[in-house]
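**Student:**
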Amino acid sequence: MATYLSGIQPSGLPHLGNYFGAIEQHIALSRTAGEHFYFIADYHALTSSRDAKQLREQVREIAISYLALGLDPARAVLFRQSDVPEVTEIAWLLACMAPMGLLERAVSYRDKVERGLSANVGLFTYPVLMAADILAYDSDFVPVGSDQVQHVEMARDMAGAFNTAFGEVFRVPQHKMSSYPKVPGLDGAKMSKSYGNTIWVFESGKALAKTVARVKTDSRPPEEPKDPAGVLLFDLLRLFLDATELADWEQRVRAGGSSAPGYGHLKQRLCAAIEQRFEAARALRLELLADPARVDLVLAQGAKRARVKAQATRDRALAACGLRG
Ligand code: ADP
Ligand code: TRP
2 MATYLSGIQP SGLPHLGNYF GAIEQHIALS RTAGEHFYFI ADYHALTSSR DAKQLREQVR
62 EIAISYLALG LDPARAVLFR QSDVPEVTEI AWLLACMAPM GLLERAVSYR DKVERGLSAN
122 VGLFTYPVLM AADILAYDSD FVPVGSDQVQ HVEMARDMAG AFNTAFGEVF RVPQHKMSSY
182 PKVPGLDGAK MSKSYGNTIW VFESGKALAK TVARVKTDSR PPEEPKDPAG VLLFDLLRLF
242 LDATELADWE QRVRAGGSSA PGYGHLKQRL CAAIEQRFEA ARALRLELLA DPARVDLVLA
302 QGAKRARVKA QATRDRALAA CGLRG
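Read in order, the letters of the sequence shown correspond to residues 2 to 326 in the working numbering.
Shown next, in the form of structure tokens:
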């Protein structure tokens, strides 16, 4: 039986990029056969977080988001990374296998340094902890966006180095790319919290309409025939509409003329589609926000199940390298 695992940084409310690029795939996979582990990477978040209250709230927010969007805790183990401290022990064992050069090549580290962010040691060793997360649960598949593929490759390298030295202790995982590797934001660049171009999954009503109104368009009039491939709104509509309806809108935009929809129409359709797609999730989110004990219980039960597995891996690794037994 295959094991699937992924980690999610607790960095605020999810946007459409997070949903289509990661969360949707996680939830869909968790409905398939196999074992499924999804955790909130709060140890990783500490490489940049300096606000305890905010971190606590964001961990809760992301747990609620997953549950509201349909993750069934009976099918997938949902837990907080720091509830399984064994991963930090495994991370040490892996750190002793990882050449400096490997970590110096990590894109996430290099990017952050180049953007002038202070590089603490935690940030530098981020891929080692991530490798420990992946290897602790004997993962076969790690569903991630394209930005995380290099980290999964590094986990493979570290597992391989350990296994070569001490025998087959760690299962060597593979990444699994999401089907929407790059959802565009309001300005056409990759949707990202750091670019301020997001549409939030749980936004609705006037707030949503105001956000969608900001999707970049041009000044061509509705009558002018247009290639839908060059219209950003279609990249977003494609995420929601079924093929028949999408083809119909595309055909009308391509034809132009007096009955062609303008950008305003397309925006209205996009708003309605977002509202409808996440209607049930928005309601469930409000319920969960009002019932913190329910969320705490899910995370506590998840941690218990995850820990059993991580402890077994830790014990196996300690024995293999001579620290026990
Ligand atoms: P952000 O860029 O907003 O800070 P994160 O880096 O926290 O988002 O991403 C969390 C998850 O969502 C990752 O798995 C990432 O690959 C995915 N993701 C983020 N933005 C997008 C996007 N625009 N398109 C597809 N996937 C995305
Ligand atoms: N680094 C991942 C991100 O920023 C989060 C993460 C931490 C993760 N540990 C992981 C993802 C293990 C997959 C597997 O999105």
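Backbone N, C-alpha and C fix where the C-beta goes; we use that ideal spot for every residue, glycine too.
If you measure between the beta carbons of residue 26 and residue 144, is that distance less than 8 Å?
**Tutor:** As a first step, residue 26 is located in the sequence shown; it is residue number 25 there, counting from the start. As a first step, residue 144 is located in the sequence shown; it is residue number 143 there, counting from the start. In contact: residue 26 and residue 144 (Cβ atoms closer than 8 Å).
**Student:** Less than 8 Å between the C-beta atoms of residue 159 and residue 101, yes or no?
**Tutor:** On the sequence shown, residue 159 is found 158 positions in, with the first residue counted as 1. On the sequence shown, residue 101 is found 100 positions in, with the first residue counted as 1. Against a cut-off of 8 Å, the Cβ pair of residue 101 and residue 159 comes out as no contact.
**Student:** What number of angstroms, rounded off, separates the C-alpha of residue 86 from the C-alpha of residue 22?
**Tutor:** Residue 86 sits at position 85 when you count from the first residue of the sequence shown. Residue 22 sits at position 21 when you count from the first residue of the sequence shown. Going by the C-alpha atoms only, they are around 28 Å apart.
**Student:** What runs of the beta strand (DSSP E), each 3 residues or longer, lie entirely inside the segment 114–188?
**Tutor:** The qualifying runs are 142–145 and 175–178.
**Student:** Among 126, 30, 139 and 204, which residue has its Cα nearest to the Cα of residue 46?
**Tutor:** The residue labelled residue 46 in the question sits at position 45 within the sequence shown. Answer by Cα proximity: 126.
**Student:** Go through the segment 4–32 residue by residue and report every complete run of the beta strand (DSSP E) that reaches 3 residues or more, in order.
**Tutor:** Those beta strand (DSSP E) runs which fall completely within the segment 4–32 and span 3+ residues are 4–9.
**Student:** Quick test of your reading: residue 174 and residue 135, contact by CB under 8 Å. State the CB separation rounded to the nearest angstrom.
**Tutor:** Here residue 174 corresponds to residue number 173 of the sequence shown, with the count starting at 1. Here residue 135 corresponds to residue number 134 of the sequence shown, with the count starting at 1. Going by Cβ atoms, the distance from residue 174 to residue 135 rounds to 5 Å, so yes, they are a contact pair.
**Student:** Identify whether residue 79 lies in helix, strand or coil by the three-state DSSP scheme.
**Tutor:** Start at 1 with the first residue of the sequence shown, and residue 79 comes out as number 78. Strand.
**Student:** What's the C-alpha gap between residue 318 and residue 251?
**Tutor:** Along the sequence shown, read from residue 1 onward, the residue named residue 318 stands at position 317. Along the sequence shown, read from residue 1 onward, the residue named residue 251 stands at position 250. Their Cα atoms are separated by approximately 56 Å.
**Student:** Taking 7 Å as the cut-off, does the CB of residue 118 come closer than this to any heavy atom belonging to the ligand TRP?
**Tutor:** Locating residue 118 in the sequence shown gives position 117, where the first residue counts as 1. Outside the cutoff, so no.
**Student:** Exposed or buried, residue 33, counting other C-beta atoms within 10 Å across all chains shown (16 or more means buried)?
**Tutor:** Here residue 33 corresponds to residue number 32 of the sequence shown, with the count starting at 1. With fewer than 16 Cβ atoms within 10 Å of its Cβ, residue 33 is classed as exposed.
**Student:** What is the rounded straight-line gap between the Cα of residue 150 and the Cα of residue 263?
**Tutor:** The residue given as residue 150 occupies position 149 in the sequence shown. The residue given as residue 263 occupies position 262 in the sequence shown. Cα to Cα, the separation comes out at about 39 Å.
**Student:** Exposed or buried, which one is residue 43 when buried takes at least 16 other CB atoms within 10 Å?
**Tutor:** Working through the sequence shown from its first residue, we reach residue 43 at position 42. Buried, since its Cβ has 16 or more Cβ neighbours within 10 Å.
**Student:** Give a single yes or no on whether residue 323 has its beta carbon closer than 7 Å to a heavy atom of the ligand TRP.
**Tutor:** In the sequence shown, counting from the first residue as 1, residue 323 sits at position 322. No - the ligand TRP has no heavy atom lying nearer than 7 Å to the Cβ of residue 323.
**Student:** If we count Cβ pairs, one from each stretch, closer than 8 Å, do we get three or more for the segment 283–296 versus the segment 51–69?
**Tutor:** Enough Cβ pairs lie closer than 8 Å, so yes.
**Student:** Out of 218, 112, 167 and 242, which has the shortest C-alpha to C-alpha gap to residue 189?
**Tutor:** The residue you call residue 189 lines up with position 188 of the sequence shown. Out of 218, 112, 167 and 242, 218 has the C-alpha closest to the C-alpha of residue 189.
**Student:** Just to check, is the beta-carbon of residue 193 closer than 7 Å to a non-hydrogen atom of the ligand TRP?
**Tutor:** One-based indexing of the sequence shown puts residue 193 at position 192. Incorrect: residue 193 has no Cβ contact closer than 7 Å to the ligand TRP.
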